[in-house]
Amino acid sequence: MSRKHSIIACLVFVILTLAIAGMGYRAKNDIENVVTDQFNHQQLLLAQKIADDITGHFAFLRTCLEGLSLLWRGETATDGTPWLAIPAFYNIFAEWNVAALGVLRPGRAEPVFYDASGAPMPGGEFCTPACLQAFTDRPRMGRIAISRVFVQEKGPLAGRRLVAMTMPLADEAGNVGGLVLVVDALAVAARYAHNIRSGQTGYAWVIDDQGVFLDHNEADFIGRESLAVRRERDPNIDWSRLAWLIKDRIMAGERGMDWYVSGWHRGRLGEIKKFVAFCPVPLDAGDDPGNRWAVALAAPEDEVQGLIGWLMVREWLIVGLFELVVFAGFVTAMHFALRWSKALETEVDKTARELLGAQEKLIRAERFAAIGEAAARLSHEIKNPLMLMGGFASQVRRHLPPEGTDAGKLGIIEDEAKRLESLLNEVRDFTRPQPPRIEPRDLNETVGESLALMAEAFKARGIVVEKRLDPDLPPVPHDEARIKQVLLNLLKNAAEAMDSGGRLSVATALADGRVTVAVADTGGGIPEAVRARVFDPFCTTKESGTGLGLAVCQRIVEDHHGDIRFVTSPAGTTFTLELPAGRPEGKKEGR
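In the UniProt record's numbering, the protein residues as written are 1 to 591.
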């Protein structure tokens with residue numbers, strides 16, 4: 001190669017290096033911006049969920065208070081025991097952070113407060129002047145007012161931050177009375193925000209309409225004004241941006257994302273830039289729009305950047321290697337072009353195509369891994385509101401006549417929530433399998449419990465169950481919950497295969513140190529087209545099935561060092577589960 005060609009090659013290499021470095025730096029910034037924006041949006045969604053949970057908490061208490069008002073109008077107190085002390089409402093105190101229940105009887109000046117047992121609370125002066133005034137506000141009769149957070153000065157709840165939910169009422173004679181629920185504000189905030197994590201170390205905090213912390217990762221911050229306590233801990237930090245953020249955006253009821261500088265984060269000290277997402281929590285939007293809390297989630301910037309640090313290092317290594325290979329190919333092509341021209345160009349092109357193909361495969365692999373992680377996260381985020389929806393529907397349905405249409409609709413909501421929860425559990429089990437907790441147990445007992453759970457379903461379909469359980473089985477090492485999950489899946493599939501009735505046979509046996517459980521049905525068998533793919537993920541013959549049930553079953557059995565197989569024909573299908581047997585009782589090694 002001539003000197004001229006060498007200079008050209010060097011110039012091309014320098015230009016290529018600068019171009020790739022510039023594009024890489026720009027790509028790095030673009031990726032950081034995209035990841036930061038996505039992280040902040042995830043924080044915002046999480047903050048919105050916490051806000052919705054708190055709002056839903058007070059909405060449920062509104063419903064309970066409305067139910068109690070019906071009793072207030074129809075009952076009176078006898079021998080000093082409050083008529084409200086009925087078991088149906090005790091759970092309000094234990095499960096929904098209600099500190100006290102106040103009853104203002106017609107013609108009385110102040111309400112009497114009771115604890116969960118129905119006994120009057122000594123010194124129970126929980127109402128603020130505004131709360132007492134609400135009882136005399138005729139236009140508000142029958143409407144619930146939620147007070148702002150106040151600190152109880154005396155009595156058994158002295159020093160606690162509380163919220164009063166007041167419902168003024170009047171009897172048939174026009175005498176004023178009403179009901180009060182005194183709610184522990186700190187307990188409600190901690191219930192939904194305290195254990196929430198954003199990323200690896202990010203946390204949530206909640207403030208009231210005065211900017212006072214109702215919940216925070218730092219226990220000594222709770223009950224203190226959010227800016228004052230920060231300035232007290234580290235007066236050397238410039239808190240002006242956070243002060244503007246809290247006053248002009250967070251406390252103003254905005255929903256959004258921003259950043260601020262703090263002087264610490266968990267165990268770290270020093271100036272730390274944090275990304276924050278915030279959301280309002282309106283408590284009484286109709287009558288008192290200013291009565292709102294705010295939820296915020298904050299995470300350090302370097303933690304977010306660290307999420308993509310390893311990816312960028314790998315990207316630069318790949319780019320550098322690619323650049324070196326390309327340069328080597330370029331120099332080689334120039335050297336041999338003087339002698340073999342086309343032949344060498346073809347070889348270099350082939351090498352370049354192989355490298356590009358390898359890079360594309362790597363990108364695809366990373367993309368599938370990200371999709372799997374996103375599916376697991378999405379499953380977790382959907383499951384929480386589903387459980388709340390089903391739980392709320394169940395609780396409300398208990399207070400409705402069972403023959404009414406509303407109770408039927410709520411029953412449908414419960415059933416659909418359970419179905420979706422089951423689907424999400426299948427996705428979770430497949431994407432994030434957990435190692436089994438294997439202990440020697442009675443396998444016959446596990447089989448019997450599984451059959452008991454399906455008894456009603458079998459009865460409804462007219463299925464006759466035949467059990468042949470070997471009473472001499474030794475203890476079988478297995479995870480009871482996981483094996484029960486496998487059995488329930490097989491039993492459910494068998495029941496669905498015999499929709500018009502049939503015979504189900506379940507048998508256990510011991511042979512050659514292996515214990516078998518056989519589940520046989522008299523359904524129509526498995527279609528020949530899908531028999532080879534029965535245990536493949538997402539293989540299903542059901543319109544509403546996920547196709548993960550048998551795939552999860554196979555994984556669970558393999559984790560137990562066992563085997564699962566089936567035989568099928570038009571007369572029915574038999575699935576056989578095989579597990580290693582434990583040592584029979586009374587036998588010792590070497591004897």
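Just so it is clear, CB atoms sit at the ideal spot from N, CA and C, and this is done for glycine as well.
Select from the options the residue whose C-alpha is nearest the C-alpha of residue i.
{"i": "Gly178", "options": "Glu66, Ala187, Gly329", "result": "Glu66"}
{"i": "Thr508", "options": "Pro570, Pro580, Met454, Gly549", "result": "Pro580"}
{"i": "Phe93", "options": "Gly223, Phe278, Asp208, Leu181", "result": "Leu181"}
{"i": "Trp293", "options": "Leu386, Ala185, Leu11, Gly390", "result": "Ala185"}
{"i": "Ala460", "options": "Asp499, Leu469, Ala452, Leu443", "result": "Asp499"}
{"i": "Val515", "options": "Leu70, Ile8, Asp563", "result": "Asp563"}
{"i": "Gly501", "options": "Arg555, Pro471, Asp536, Ala457", "result": "Ala457"}
{"i": "Asp287", "options": "Leu443, Val464, Arg148, Ile483", "result": "Arg148"}
{"i": "Ala285", "options": "Pro122, Val519, Ala145, Leu68", "result": "Ala145"}
{"i": "Leu504", "options": "Gly513, Lys492, Ala520", "result": "Ala520"}
{"i": "Leu101", "options": "Tyr114, Glu95, Glu110", "result": "Tyr114"}
{"i": "Gly524", "options": "Ala190, Leu550, Val567, Gly549", "result": "Val567"}
{"i": "Pro471", "options": "Ala452, Asn493, Pro477, Asp442", "result": "Asp442"}
{"i": "Arg468", "options": "Leu453, Val486, Val447", "result": "Val447"}
{"i": "Leu417", "options": "Gly391, Glu445, Phe39", "result": "The question names Leu, yet the displayed sequence has Ala at residue 417. It is Gly391."}
Per DSSP, residue i forms a beta bridge with which residues?
{"i": "Gly202", "result": "Ser198"}
{"i": "Ala509", "result": "Thr516"}
{"i": "Ser262", "result": "Ile272"}
{"i": "Ala296", "result": "Trp205, Phe278"}
{"i": "Val183", "result": "Val98, Val163"}
{"i": "Glu347", "result": "Answer is none; Glu347 lacks a bridge partner."}
{"i": "Phe113", "result": "Gly102"}
{"i": "Ser450", "result": "The partner list for Ser450 (beta bridge, DSSP) is empty, contrary to what the question assumes."}
{"i": "residue 638", "result": "Given that the chain is displayed from residue 1 to residue 591, the structure contains no residue 638 and the question cannot be resolved."}
Could you compute how far the alpha carbon of residue i sits from the alpha carbon of residue j?
{"i": "Leu510", "j": "Pro474", "result": "9 Å"}
{"i": "Ala352", "j": "Ala358", "result": "10 Å"}
{"i": "Lys273", "j": "Asn175", "result": "59 Å"}
{"i": "Ala77", "j": "Arg266", "result": "In this predicted model, Ala77 has a pLDDT of only 45, less than 50, meaning its place in the structure is not dependable enough to derive any value."}
{"i": "Ile15", "j": "Gly22", "result": "10 Å"}
{"i": "Ser226", "j": "Ile20", "result": "47 Å"}
{"i": "Pro156", "j": "Pro120", "result": "11 Å"}
{"i": "Thr17", "j": "Asn33", "result": "24 Å"}
{"i": "Thr574", "j": "Gly582", "result": "25 Å"}
{"i": "Arg230", "j": "Leu242", "result": "10 Å"}
{"i": "Ala158", "j": "Gln152", "result": "5 Å"}
{"i": "Glu303", "j": "Gly199", "result": "8 Å"}
{"i": "Phe13", "j": "Asn29", "result": "24 Å"}
{"i": "Met389", "j": "Arg62", "result": "16 Å"}
{"i": "Asp512", "j": "His478", "result": "18 Å"}
{"i": "Val112", "j": "Asp220", "result": "33 Å"}
{"i": "Pro385", "j": "Ala189", "result": "17 Å"}
How is residue i classed by DSSP in three states: helix, strand or coil?
{"i": "Gly320", "result": "helix"}
{"i": "Gly142", "result": "coil"}
{"i": "Ile371", "result": "Residue confidence for Ile371 is low, a pLDDT of 44 falling below 50, so the modelled location carries little weight; the figure read from the coordinates is stated next. Three-state result, Ile371: helix."}
{"i": "Arg531", "result": "helix"}
{"i": "Leu356", "result": "helix"}
{"i": "Gly404", "result": "coil"}
{"i": "Glu225", "result": "strand"}
{"i": "Ser240", "result": "helix"}
{"i": "Met257", "result": "strand"}
{"i": "Thr55", "result": "helix"}
{"i": "Gly22", "result": "helix"}
{"i": "Glu439", "result": "strand"}
{"i": "Pro471", "result": "coil"}
{"i": "Ala119", "result": "coil"}
{"i": "Arg191", "result": "helix"}
{"i": "residue 600", "result": "In the structure as shown, the chain starts at 1 and stops at 591, and residue 600 therefore has no counterpart that could be examined."}
{"i": "Leu504", "result": "strand"}
{"i": "Asp563", "result": "strand"}
{"i": "Gly286", "result": "coil"}
{"i": "Glu172", "result": "coil"}
{"i": "Asp220", "result": "helix"}
{"i": "Gln48", "result": "helix"}
{"i": "Leu214", "result": "strand"}
{"i": "Leu579", "result": "strand"}
{"i": "Gly391", "result": "helix"}
{"i": "Val552", "result": "helix"}
{"i": "Gly178", "result": "strand"}
Just to check my reading of the structure: residue i and residue j have Cβ atoms closer than 8 Å, yes? What is that Cβ distance to the nearest angstrom?
{"i": "Ser394", "j": "Glu381", "result": "Contact flag wrong, Cβ pair sits at about 22 Å."}
{"i": "Thr55", "j": "Val281", "result": "6 Å"}
{"i": "Ala296", "j": "Val276", "result": "5 Å"}
{"i": "Ile211", "j": "Ile237", "result": "In the sequence as presented, Ile is not what sits at residue 211; that position holds Gly. About 17 Å separates the two Cβ atoms, so there is no contact after all."}
{"i": "Leu214", "j": "Ser69", "result": "With 8 Å as the limit, Leu214 and Ser69 do not qualify as a contact, their Cβ atoms being about 28 Å apart."}
If you measure from the beta carbon of residue i to each beta carbon in chain B, is any gap under 9 Å?
{"i": "Pro168", "result": "Given the protein chain composition of this structure (a single chain), no chain B is represented."}
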